[in-house]
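Engineer: Pasting in a structure now, in structure tokens, and then I'll have a few things to ask.
Residue numbers (the UniProt record's numbering): 1 to 634.
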């Protein structure tokens with residue numbers, strides 16, 4: 001992990017070239033489960049889809065919005081939000097004509113500056129002229145003219161002492177950003193609940209207005225290609241979307257008392273899920289209607305509203321489906337649009353897919369080959385293509401690993417597209433050594449195959465830490481900290497942890513997710529990826545939970561919140577009594593070694609691969625708390 005961040009070079013430009021055009025639609029099936037819903041039910045369903053995004057620091061968000069809001073005619077510039085003028089993206093500063101990162105939902109409405117996921121959420125941040133941003137301050141939004149004051153620089157904007165009216169090119173965008181924030185943030189973990197209200201002067205509460213005006217702006221000023229492109233670009237980075245850009249009609253269904261259409265499309269799927277160029281795919285969906293639909297048509301092509309190619313989907317049992325061939329080139333987008341019509345009623349569902357390259361297995365270099373057998377990579381300055389699962393993601397880098405074989409992990413540095421932990425990535429870049437750490441830098445190609453199957457950490461002792469583990473996810477059991485119970489300050493700093501074999505260094509960056517959290521007061525198990533800096537091997541914890549992994553079964557026995565699991569003993573499938581509020585499960589041996597971890601999708605977990613013995617279960621809830629259980633594996 002670098003101790004200073006200065007990556008610049010051509011990373012963003014490389015990816016602008018790699019993307020090859022405007023990306024404008026949502027992945028196939030992203031909004032499955034929202035059909036026929038309205039009101040709080042729809043809001044909750046959308047919240048569950050878009051929560052838990054890949055979070056970045058507010059500092060790093062500048063690089064994200066420089067990409068998401070780049071001028072289509074000059075990628076070195078950004079389009080400033082309220083003025084809609086193009087300005088050089090390096091011109092950030094305070095006051096005057098410098099660029100600020102504008103929180104559209106002002107962070108003083110709820111005071112979330114110290115909540116990383118909220119403060120750095122790029123979907124709420126826009127590049128803005130600094131002086132305009134200062135004048136807008138934390139005002140609520142409402143119609144002002146002709147009674148207010150026209151802004152002298154952002155001449156399409158008007159304001160009073162309690163409201164700001166943006167220009168016609170940004171009114172709809174403001175509304176959809178605020179609707180996103182009110183849906184995304186619902187008091188999960190340390191996040192606070194944000195709500196929209198039909199009033200002004202809402203500061204300093206975690207509320208924003210004026211709701212009725214925002215509903216009208218959303219309807220009167222629909223999403224532009226620029227707004228859709230921005231949504232797609234942030235999705236590739238944060239792995240979540242603004243649903244009101246993809247479906248502006250959701251606003252009226254939630255806040256406008258509108259009833260769902262009598263015809264709806266749901267359970268949209270594509271098989272295979274990740275087709276290659278030239279492959280045949282099957283597109284399927286369910287259509288719900290009061291009457292048998294007159295037609296269900298699938299349109300597809302290289303543009304958002306492509307209609308040159310279309311087929312009629314045929315019904316088999318409860319599904320409408322059809323087969324098409326992927327003829328677009330790698331790194332291009334293909335867009336799908338399904339239109340179902342029943343009498344005068346019709347509805348549309350969209351999807352999109354970024355086509356991967358065809359890469360033969362023999363052209364993928366194993367990570368351990370890149371790492372080599374010595375202290376430096378034998379493939380320095382040579383382009384390689386590697387594949388692995390994400391074990392850690394930081395502001396400007398990620399770590400990939402393949403299994404638990406020694407030298408099977410590596411750092412990828414200088415990329416916006418870090419993926420989620422457990423995602424399967426293919427990366428093309430150049431190996432370099434940075435102060436002893438082997439890195440793949442300036443990746444010119446990254447494709448995320450998702451899958452969400454986290455790599456389990458390799459359990460080692462402090463005395464074992466060496467070059468063989470560089471880039472790998474490890475766990476050191478029963479460690480104590482040199483600053484037990486102290487708050488982690490906002491600075492680049494190293495700390496010492498000790499087990500019964502020796503001591504190791506952990507490094508925490510000033511933009512880390514651990515800032516303002518506390519070190520454990522007692523012995524715990526430590527998890528993190530192994531980095532190197534000037535000959536010193538370091539553990540990089542990814543989040544505060546990495547510092548406080550339970551050490552033994554008595555730690556669980558002392559905790560109050562418990563979840564019932566059954567059957568117990570179990571042979572194959574472990575059932576959870578109530579998984580509705582659970583988002584992640586970790587299974588440990590009684591010695592504290594992590595042997596299983598995954599996101600909770602159902603109330604069942606396959607434990608057939610575990611050996612016979614007693615296991616501890618740690619559940620992470622949607623509120624950020626932990627619940628526990630134990631079971632016996634036969």
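No residue lacks a Cβ here, since even glycine has one placed at the ideal position from N, Cα and C.
As a quick exercise: from 219, 615 and 412, pick the residue whose alpha carbon is nearest that of residue 444.
Structural biologist: Here residue 444 refers to the residue found at position 444 when the chain shown is read from its first residue. The candidate whose alpha carbon is nearest that of residue 444 is 412.
Engineer: Could you tell me the distance, in whole angstroms, from the CA atom of residue 512 to the CA atom of residue 531?
Structural biologist: On the chain shown, residue 512 is found 512 positions in, with the first residue counted as 1. On the chain shown, residue 531 is found 531 positions in, with the first residue counted as 1. One C-alpha to the other measures close to 15 Å.
Engineer: By DSSP, does residue 455 sit in helix, in strand, or in coil?
Structural biologist: The residue labelled residue 455 in the question sits at position 455 within the chain shown. In the structure shown, residue 455 sits in coil (DSSP, three-state: anything other than H, G, I, E or B).
Engineer: On a Cα-Cα basis, can you pick out the residue from 251, 139 and 232 that is closest to residue 182?
Structural biologist: The residue given as residue 182 occupies position 182 in the chain shown. The candidate whose alpha carbon is nearest that of residue 182 is 251.
Engineer: With a threshold of 7 Å on Cβ separation, who are the neighbours of residue 126 within its own chain once the five nearest residues in sequence on each side are excluded?
Structural biologist: Translated into positions along the chain shown, residue 126 becomes position 126. Excluding sequence neighbours, residue 126 sits near 65, 69, 81, 102 and 104.
Engineer: Would you tell me roughly how many angstroms separate the C-alpha atoms of residue 47 and residue 152, rounded to the nearest one?
Structural biologist: Residue numbering aside, residue 47 sits at position 47 when the chain shown is read from its first letter. Residue numbering aside, residue 152 sits at position 152 when the chain shown is read from its first letter. Cα to Cα, the separation comes out at about 39 Å.
Engineer: List the endpoints of the continuous alpha helix (DSSP H) containing residue 638.
Structural biologist: The displayed coordinates of the chain run from 1 to 634. Any statement about residue 638 would go beyond what the structure contains.
Engineer: Pop quiz: residue 417 and residue 237 are said to be a contact at Cβ under 8 Å. What is the actual Cβ separation, rounded to whole angstroms?
Structural biologist: Against the chain shown, residue 417 aligns to sequence position 417. Against the chain shown, residue 237 aligns to sequence position 237. Confirmed, about 6 Å.
Engineer: In chain order, what residues of the same chain have a beta carbon less than 7 Å from the beta carbon of residue 42, not counting five sequence neighbours either side?
Structural biologist: Position 42 of the chain shown, counted from the start, is the residue given in the question as residue 42. These residues qualify, in order along the chain: 34, 250, 253 and 254.
Engineer: For residue 261, which three-state DSSP category applies?
Structural biologist: For the purposes of this step, residue 261 is taken as the residue at position 261 of the chain shown. In the structure shown, residue 261 sits in coil (DSSP, three-state: anything other than H, G, I, E or B).
Engineer: Give me the Cα-Cα distance between residue 220 and residue 167, rounded to the nearest whole angstrom.
Structural biologist: Locating residue 220 in the chain shown gives position 220, where the first residue counts as 1. Locating residue 167 in the chain shown gives position 167, where the first residue counts as 1. Rounded to the nearest angstrom, the two C-alpha atoms are 12 Å apart.
Engineer: Helix, strand or coil for residue 118, going by three-state DSSP, please let me know.
Structural biologist: Position 118 of the chain shown holds residue 118. Residue state, collapsed to three classes: helix.
Engineer: Between which two residues does the alpha helix (DSSP H) holding residue 213 run?
Structural biologist: Taking the chain shown and counting its residues from 1, the one referred to as residue 213 is at position 213. Where residue 213 is concerned, the enclosing alpha helix (DSSP H) stretches over 211–220.
Engineer: Which stretch, first to last residue, makes up the beta strand (DSSP E) that contains residue 322?
Structural biologist: Along the chain shown, read from residue 1 onward, the residue named residue 322 stands at position 322. Residue 322 -> beta strand (DSSP E) spans 319–325.
Engineer: For the alpha helix (DSSP H) that residue 231 lies in, which residues bound it at each end?
Structural biologist: Indexing the chain shown from 1 puts residue 231 at position 231. Element bounds for residue 231: 225–238.
Engineer: Helix, strand or coil: how does DSSP classify residue 627 here?
Structural biologist: Residue mapping note: residue 627 aligns to position 627 of the chain shown, counting from 1. Shown here, residue 627 sits in a strand according to DSSP, grouped into three states.
Engineer: Report yes if the C-beta distance between residue 620 and residue 584 is below 9 Å; otherwise report no.
Structural biologist: Along the chain shown, one-based indexing puts residue 620 at 620. Along the chain shown, one-based indexing puts residue 584 at 584. It is a contact, given that the beta carbons lie within the stated cut-off.
Engineer: How about residue 518 and residue 497: are their beta carbons less than 9 Å apart?
Structural biologist: Locating residue 518 in the chain shown gives position 518, counting from the first residue. Locating residue 497 in the chain shown gives position 497, counting from the first residue. No. Outside cutoff.
Engineer: So does the segment 333–344 actually touch the segment 291–301, counting three or more Cβ pairs closer than 8 Å?
Structural biologist: yes
Engineer: Taking only the alpha-carbon atoms, compute the straight-line gap between residue 163 and residue 146 and give it to the nearest angstrom.
Structural biologist: As a working note, residue 163 is residue 163 in the chain shown. As a working note, residue 146 is residue 146 in the chain shown. Looking at the two C-alpha atoms, the distance is approximately 13 Å.
Engineer: Quickly, what does DSSP pair residue 164 with across the bridge? List them, please.
Structural biologist: Against the chain shown, residue 164 aligns to sequence position 164. Partner(s): 141 and 159.
Engineer: Across the segment 282–289 and the segment 306–321, are there enough close Cβ pairs to call them in contact, namely three or more that are closer than 8 Å?
Structural biologist: yes
Engineer: For my contact list, residue 110 and residue 194 are in at a C-beta cut-off of 8 Å; report their separation, rounded to the angstrom.
Structural biologist: One-based indexing of the chain shown puts residue 110 at position 110. One-based indexing of the chain shown puts residue 194 at position 194. Going by Cβ atoms, the distance from residue 110 to residue 194 rounds to 6 Å, so yes, they are a contact pair.
Engineer: By Cβ distance, which residues of its chain are closer than 6 Å to residue 256, with the 5 residues on each side in sequence left out?
Structural biologist: Position 256 of the chain shown, counted from the start, is the residue given in the question as residue 256. Correct list, in chain order: 215.
Engineer: Tell me, please, which residues DSSP counts as bridged to residue 575.
Structural biologist: Here residue 575 refers to the residue found at position 575 of the chain shown. 566 and 604, per the DSSP bridge assignment.
Engineer: Spatial neighbours of residue 289 within its chain, please: CB distance less than 8 Å, with the 5 preceding and 5 following residues excluded, ordered by chain position.
Structural biologist: What you label residue 289 is simply residue 289 of the chain shown in a count that begins at 1. In chain order, 262, 263, 264, 340, 342 and 345 place their CB closer than 8 Å to the CB of residue 289, counting only its own chain and leaving out the 5 sequence neighbours on each side.
Engineer: Here's the rule: buried if 16 or more other CB atoms are within 10 angstroms of the residue's CB, otherwise exposed. What is residue 91?
Structural biologist: Against the chain shown, residue 91 aligns to sequence position 91. Flag for residue 91 reads exposed.
Engineer: Let me know the beta strand (DSSP E) ranges lying completely inside the segment 470–549, each 3 residues or longer, listed in chain order.
Structural biologist: Listed in chain order, they are 473–481, 493–499, 502–508, 524–533 and 536–540.
Engineer: In whole angstroms, what separates the C-alpha of residue 382 from that of residue 354?
Structural biologist: One-based indexing of the chain shown puts residue 382 at position 382. One-based indexing of the chain shown puts residue 354 at position 354. Using only the alpha carbons, I get a separation of about 27 Å.
Engineer: Determine the contact status of residue 426 and residue 367, defining contact as a CB-CB distance below 9 Å.
Structural biologist: Position 426 of the chain shown holds residue 426. Position 367 of the chain shown holds residue 367. No, they are not a contact pair.
Engineer: Measure from the alpha carbon of residue 326 to the alpha carbon of each residue in 313, 312, 348 and 352, then state which is nearest.
Structural biologist: Here residue 326 refers to the residue found at position 326 of the chain shown. Measuring C-alpha to C-alpha distances from residue 326 to each of 313, 312, 348 and 352 identifies 352 as the nearest.
Engineer: Let me know the secondary structure DSSP gives residue 619 once reduced to three states.
Structural biologist: Taking the first residue of the chain shown as position 1, residue 619 is located at position 619. Strand at residue 619.
Engineer: List in chain order: all unbroken alpha helix (DSSP H) runs of 4+ residues lying wholly within the segment 360–440.
Structural biologist: Listed in chain order, the complete alpha helix (DSSP H) runs (minimum 4 residues) inside the segment 360–440 are 367–371.
Engineer: Count the other CB atoms within 10 Å of the CB of residue 601; is the residue buried (16 or more) or exposed (fewer)?
Structural biologist: By 1-based counting over the chain shown, the position of residue 601 is 601. Exposed, because fewer than 16 other Cβ atoms sit within 10 Å of the Cβ of residue 601.
Engineer: Tell me the rounded alpha-carbon separation between residue 211 and residue 62.
Structural biologist: Taking the chain shown and counting its residues from 1, the one referred to as residue 211 is at position 211. Taking the chain shown and counting its residues from 1, the one referred to as residue 62 is at position 62. Distance from the CA atom of residue 211 to the CA atom of residue 62, rounded to whole angstroms, is 29 Å.
Engineer: What alpha helix (DSSP H) runs, 4 residues minimum, are completely inside the UniProt domain "Ig-like" (260–300)?
Structural biologist: none
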